[in-house]
Amino acid sequence: MAYDRNNVFARILRGEIPCQKVYEDEHVLAFTDIRPQAPIHVLVIPKGEYVSFDDFAAKASPAEQTAFLKAVGKVARDLGVAETGYRLLANHGADANQEVPHFHIHVFGGRRLGRMLPRE
Ligand code: AMP
Numbered sequence: 791m792a793y794d795r796n797n798v799f800a801r802i803l804r805g806e807i808p809c810q811k812v813y814e815d816e817h818v819l820a821f822t823d824i825r826p827q828a829p830i831h832v833l834v835i836p837k838g839e840y841v842s843f844d845d846f847a848a849k850a851s852p853a854e855q856t857a858f859l860k861a862v863g864k865v866a867r868d869l870g871v872a873e874t875g876y877r878l879l880a881n882h883g884a885d886a887n888q889e890v891p892h893f894h895i896h897v898f899g900g901r902r903l904g905r906m907l908p909r910e
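For the sequence shown, position 18 matches number 808 in my numbering, and the numbering has no gaps at all.
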């Protein structure tokens, strides 16, 4: 799947749409989800053009991948949920209902999060 430069996260990265920034470095931006599903619900995204986790895992440089992983850990620690617990989620593709075609990890926390997936 080709990267769509008009997706909402690309527009946030270009500053065309505002976001509630939580963290930023050379490779990574983190901001609050606009429809939070937990008291803490932050999205961590790479600045590079990667459609999904699969694309990022296959094509991002080691420097980008390392920076991303470290940023996710730092964001969770800085938000105070490393002690109490948190959940990471990355949706890839149709079966996972990925809505925004720019790789992102959801960080959920601040309450008991229940089961990993609802029972079918
Ligand atoms: P996903 O289904 O994993 O692609 O999740 C996309 C997430 O992006 C959803 O949780 C949305 O609420 C969130 N989202 C969409 N637009 C924005 C925005 N402008 N700012 C912050 N979060 C957004």
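Ideal Cβ placement from N, Cα and C applies to all residues, glycine included. Since the structure is predicted, the reported quantities are computational estimates derived from the model, not experimental observations.
With a threshold of 16 other CB atoms inside 10 Å of the CB of A853, please say whether the residue is buried or exposed. As a working mapping, residue 853 is identified with position 63 in the sequence shown. Classification for A853: exposed.
State the DSSP-derived secondary structure class of E854, mapped to helix, strand or coil. Along the sequence shown, read from residue 1 onward, the residue named residue 854 stands at position 64. E854 falls in the helix class under three-state DSSP.
Buried or exposed for A866, going by 16 or more other Cβ atoms inside 10 Å? Here residue 866 refers to the residue found at position 76 of the sequence shown. Flag for A866 reads buried.
What would DSSP say about E814, mapped onto helix, strand or coil? On the sequence shown, position 24 is the one that residue 814 refers to. Correct three-state label for E814: strand.
Looking at F843 and F893, is the spacing between their C-beta atoms short of 7 Å? Stepping through the sequence shown from its first residue, residue 893 is reached at position 103. Stepping through the sequence shown from its first residue, residue 843 is reached at position 53. Yes, the pair counts as a contact, with Cβ atoms nearer than the cut-off.
C-beta contact flag for V871 and V834 at 7 Å: Residue numbering aside, residue 871 sits at position 81 when the sequence shown is read from its first letter. Residue numbering aside, residue 834 sits at position 44 when the sequence shown is read from its first letter. Cβ distance not < 7 Å, so V871 and V834 don't count as in contact.
Indicate, with yes or no, if ligand 1 has a heavy atom lying under 6 Å from the CB of R825. The residue labelled residue 825 in the question sits at position 35 within the sequence shown. Result yes, Cβ under 6 Å from ligand 1.
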